[in-house]
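First residue of the sequence shown? That's 14 in the working numbering, and the numbers climb one at a time after it. Input: a single structure, listed below in structure tokens.
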Amino acid sequence: MKKRLLSALLAMCMVMTMAPAAFATNDESQSSSAQTKVVLPDGITAESFGKNTVYDGTTFHKTMMDALKAVAGKEDAVLYCKPDADVGTMNHGHVCASLTVYGNGAFVSGGENDFEVDTYSGTGCDAHKGCLGLQQELTITINALNNSGVWGQRTSNHTINIVMNNCKNADRVYLTGTTGINNITITGNTYTGLTGENKDVHGGCAIYSNAAGEIKIDGCEFNGVKAPINLNHKSAGKQSVTVSNTTFTNCALLNGLITDDEKSYISPIRVLTTNESGSSALQVDSCTFEYTSSEVKANGDILIGDGRADATTNSNVTVSISNTASEVQFQAPGYHDANGGIADESNLVTMETKKTDSVDTSLVESFAAAKIDDQYYYTLKDALLSLADSEMETVEVELLNDQNVDGFTVDLTNSAVMNLTIVGNGKKLDSNVENGNQDKAPELPTINLNMAEDANLVVESVEFSNSLIFDDDSAKASVTIQNCTFHKCQVGYPKAKEITYEHNTFSFDGDYNGTVYYAHNAYPLWFKAQASQKIKLTNNTITGYPRGFHIENQNDKHSQDIIVNNNTFKLAKCCDAHNNKRVALQLVTRMNGDVEFQNNNVDAYMGVCFYNGIVAEKNAKLTIQNNHTTGKLYGSNEWGKWNSDTETQDEKIAAADAFAKGIVEGRENAGNGSVVTEGHTHNYENGVCTICGQKKPSSGGGSSSGGSSGGKTETTTNPDGSTTTTVTKPDGSKTETTKYPDGSKEVVETKKDGTTTTTTTDKEGNKTETVEKTDGSSTTKVENKDGSTSTTTVSKDGEVETTVKLPHSVIDDAKGNAVLLPMAEAEVTKDADKAPTVTVDTPSGETVKVEVPVKDVTAGTVAILVKKDGTEEVIKTTVMSENGVIVTLSDGDTIKIVDNSNDFVDVADSSWYADEVDFVTSRELFSGTSETMFSPNDAMTRAMIVTVLARLDGEDTTGGAAWYEIGRKWAMENGISDGSGMMNRLTREQLVAMLWRYAGNPTTEKSLVDFKDAGSVSGYAQEAFSWAVEQGIITGMTADTLNPKGEATRAQVASILMRFCENIAK
């Protein structure tokens, strides 16, 4: 079969639900009894067996399978093997009662090589009639029976104990399922991986268990095994693993026998827990990892945790290593990409241990973001949640790593914690919210923490993207923020009884243009009184923000004391239109308490703004003194409406000044000690203050011009804060240069012949140059800072050709995601001859997933590959994206972007399946039932679906005695279908099962319990349906029904196939 398009979804060997294939069973596996202690009953010798090979204490049997049937259901049965004998092949060697086997150096010669336990609901137990399966705890002890193993697919809750001793070339002990307890003890076994063409069983997974229990491996040897000890703990309990005195030679190496999927998890020892309520503990002592091959280790010697691309849960694993030299890798979800490569190196921690070391650590400690005393936590949220029932009164939480806290909520009101300190160590907390809109404020703050009454929170030395970091719904606790750094704007409103910000740095690095910043009322800090409170903002530095602090009290019953002292404000001027909003402290609605604004250094338009309409209550005391300001000391908002809709800016300023003066004079005359003194009064001459150099506030832009013998130059300040300089030469040519506040620039050069060259450079330094000629032709060149480039030519006849070059670094940085091509949007046409072409050049012939920008992309938009010989082929895996289409291309590939949709008279544009029909027909996966009909409600046949999937896999399905013959042959060769009943109607569960097999039988933990007809899903389709629902490939017919036996219509299959293809592009 060609390389699968769904390699990212291939199933892992450790979670296969089919019976395991054998390890090596060549002649070398037949150990001699001369090296094995022979155990036989009194009076029984090797000669007693004759041609038989197994004795059950009363009867001799020809094979082990015969003996198992004879003792089936008999508790504590004992089987004795003829020394060195071939006990036959083993397939479904069911065991349902405790059993001991003395192998005496005998060997299993083929089949599945295993004793099978607790799998009766899956395979049926024919060991004896009336078998009810496993009814009680089971112990299987196997001594010196070579090539043997144990396999189980747990269906009961009973404990299973597996003991294997001195079995050579042993097969795997492989127990799937999470029910019950699995205890596995293996001593002195040897395991040899297969080599050669049968790569699916190369080494395999030697020891595998999903359930809780104790696993002990001692004195074993693994040679060339793909995944020797592979323990994916999926249950809620604890799995304890001990590996001692064991040697691993050339195991878990990357070579041609390893699939992309396996690259992300194979290791000599792998331990992980994928259940949130579970845990694992690993002890490694006196083990050896040897490599004589030049092939690279896949994931070190010991792999802890789950780094796969689709992993979600990564519960803790404790690790103790002694007397062992090893490379230990701790992985978190997303370290690997879907193809087994490296996606995010931050999700890997590597540790080297020496032979003399003794190490105790854990997965959580390796990736810990926070700690309390000696307890480590993945996230700050986990650390704070651990305090919910704490009996400690004083607690310090130390941050260890940057993290995204994403607005979590923690309630500590019922805990004993009264003094909580978060020590940041300069680490960054990010809530991934930028330019929040306070007027709507749907976003959560960085830390939403409810504490007990009179409790105290201190946060120090943390770096934040946004400014709001504490929200106490009870507003009865106090918070102090000190020595922290903030970079963007506040999202939401802090609440606490007392809030203190001191010795912090607010350094704005966001976007403060008029559209975003001012429309969203963004400030470094914004407070709305939720209850009586005290706000203290002292010794802070605010730079680069266009606005300062905003404080309002909307309730006359809430007293609000405000202290804003000893701060430095250096507020940025984004444009003349908003210059007068550069205010250090804005007070809104009501003053009801003491307000201090002292000893501040203010480089801004205004120090204190008493917003229009603010009411000063009788008890309000105002102190403004000893401030240095470059603008007005105080005033009111000089924007908005004051008296009429037609008032001039000068009239607004006069009204604002008069209102502010009234507030100040009212406080000075209140007799409560209010004091307001100027830093200085501005003396404007020619629009500039002679004392501080502050320019006189202006309500709009301006322009200046000059000239020379060489032409004329004119500079204009635009309302958005940009400036445009126009140079006009005597010959009529003209250059217009516009510079924007964010550092970007546009230069438009018009030559006297009418040729126009427009060059834009964004704030990152990416450059686009377009040369437009008078005949309608043009050339556009893009040069990005990352090294990617493109050239787009448009001929005078309208033919469009684009060539894109992608450097190796850009492809690597994408980490398997689609690379957005640096080019203008392609215009889509239905005429392939006139469609724009795009050629992508990659280094060293690399294949890369790219996103082609497309204007007005639809479900029928496809990429067509233009081959070297000029022939064209639709790329069937083309999928839509937010910006255009995503396709995978090789170096030098040329594609056209075409609207390849078909018009069918029976598919209305308003139909729910219209896009889906366009998708499958444009990609030539489906054909219409005629040139004008699609027949969306007709039943799909099994012949149709195997033909569609064969086309998706790249097969040419034309030819054959029957129209479906090529698809049927392909499906049978690749295990998709048995090829029967081709003209039978396709059921939903048959469809899902075929898609699941096409995807490589991926495993899933998704349950179908939410669907009331889940019990009617056939056994062969159970896991397939779970997978399809989990991936969003199929939905229920209703909210709680799957209708597995229902017939799948052509429209339904088109919809499912569209989602299936989109899953590929993830």
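Note that beta-carbon positions come from the ideal geometry of N, C-alpha and C, so glycine has one too. Treat the numbers as computed from the prediction; the structure is a model and nothing was measured.
Item, Value
"Taking 8 Å as the threshold (C-beta atoms), are Lys-909 and Ile-958 in contact?", "no"
"Who are the near neighbours of Asn-896 in its chain, counting only those whose CB is closer than 7 Å to its CB and skipping five residues on each side?", "Leu-833, Glu-864, Pro-866"
"Between Leu-295, Gly-606, Asn-243, Ser-914, which has its C-alpha nearest Asn-312's C-alpha?", "Asn-243"
"Rounded to the nearest angstrom, what separates Gly-310 and Ser-280 at their Cα positions?", "One detail in the question is off: residue 310 reads as Lys in this sequence, not Gly. Rounded to the nearest angstrom, the two C-alpha atoms are 8 Å apart."
"Give the DSSP-derived three-state secondary structure of Leu-92 in the structure shown.", "strand"
"Alpha carbon to alpha carbon, what distance is there between Ala-1061 and Ala-1084?", "In the structure as shown, the chain starts at 14 and stops at 1079, and residue 1084 therefore has no counterpart that could be examined."
"With three or more C-beta pairs closer than 8 Å as the rule, is the region 608 to 620 touching the region 579 to 599?", "yes"
"Please identify the residue among Cys-502, Val-472, Val-121, Val-423 whose C-alpha is closest to the C-alpha of Ala-465.", "Val-423"
"Compute the Euclidean distance between the alpha carbons of Asn-640 and Gly-648, then round it to the nearest angstrom.", "15 Å"
"Taking C-alpha atoms, which residue in Ala-952, Trp-976, Asp-775 lies nearest to Ala-963?", "Trp-976"
"State the Cα-Cα distance for the pair Gly-811 and Ala-837, rounded to the nearest angstrom.", "15 Å"
"Could you pull the start and end residues of the alpha helix (DSSP H) that Ser-545 belongs to?", "Note, Ser-545: premise wrong, no alpha helix (DSSP H); not H, not E."
"Rounded to whole angstroms, how far is the Cβ of Pro-346 from the Cβ of Asn-329, which I believe are closer than 8 Å?", "In fact, because the Cβ distance is near 14 Å, the residues do not count as touching under 8 Å."
"Output the distance between the C-alpha atoms of Lys-1058 and Leu-1021, rounded to the nearest integer angstrom.", "15 Å"
"Alpha carbon to alpha carbon, how far is Lys-631 from Val-645? Give it in angstroms, no decimals.", "Checking the sequence shown, residue 645 turns out to be Lys, not Val. Their Cα atoms are separated by approximately 26 Å."
"Could you name the residues that DSSP lists as bridge partners for Phe-623?", "Leu-600"
"What would DSSP say about Ala-839, mapped onto helix, strand or coil?", "strand"
"Could you round the C-beta distance between Ser-428 and Asp-402 to whole angstroms and report it? I think they count as a contact, below 8 Å.", "6 Å"
"Excluding the 5 residues flanking Thr-613 on each side, which residues of the same chain have their C-beta closer than 6 Å to its C-beta?", "According to the sequence provided, residue 613 is Asn. The question's Thr does not apply to it. Correct list, in chain order: Asn-580, Asn-640."
"Please report the distance separating the alpha-carbon of Gly-226 from that of Glu-150.", "13 Å"
"Should Val-100 and Ala-83 be called a contact, given that it needs their Cβ atoms to be closer than 8 Å?", "no"
"Given this structure, state the Cα-to-Cα distance separating Ala-921 from Asn-915, to the nearest angstrom.", "12 Å"
"Where Ala-952 and Glu-937 are concerned, what is the direct C-alpha to C-alpha distance, given to the nearest angstrom?", "19 Å"
"Using a Cβ-Cβ cut-off of 7 Å (strictly less than) and excluding sequence neighbours within five positions of Tyr-624, which residues of its own chain qualify?", "Gln-599, Leu-600, Val-601, Ser-649, Asn-650"
"Return the CA-CA distance between Lys-368 and Phe-235, expressed in angstroms with no decimal places.", "20 Å"
"What does DSSP give as the partner residue(s) for Pro-507 in the beta ladder?", "In DSSP, Pro-507 forms no bridge with anything."
"By how many angstroms is the C-alpha of Ala-956 removed from the C-alpha of Ala-219?", "40 Å"
"Can you tell me the Cα-Cα spacing of Arg-321 and Asn-568, whole angstroms?", "53 Å"
"Helix or strand or just coil, what does DSSP make of Phe-483?", "coil"
"Cutting at 6 Å between CB atoms, please list the residues of its own chain near Thr-260, excluding the five before and the five after it.", "Glu-234, Thr-301"
"Could I get the ranges of all uninterrupted alpha helix (DSSP H) runs contained in the region 803 to 856, with 4 residues as the minimum, in chain order?", "821 to 827"
"Which residues does DSSP list as the beta-bridge partners of Ala-294?", "Ser-253, Thr-331"
"If you draw a straight line from the alpha carbon of Ala-547 to that of Thr-513, how long is it in whole angstroms?", "According to the sequence shown, residue 547 is Lys rather than Ala. Taking the straight line joining both Cα atoms gives about 8 Å."
"Within the chosen definition, does the region 104 to 122 reach the region 155 to 173 through at least 3 CB pairs nearer than 8 Å?", "yes"
"So, does the region 247 to 254 touch the region 282 to 293, judging by three or more C-beta pairs under 8 Å?", "yes"
"Roughly how many angstroms separate the alpha carbons of Glu-678 and Trp-655, rounded to a whole number?", "20 Å"
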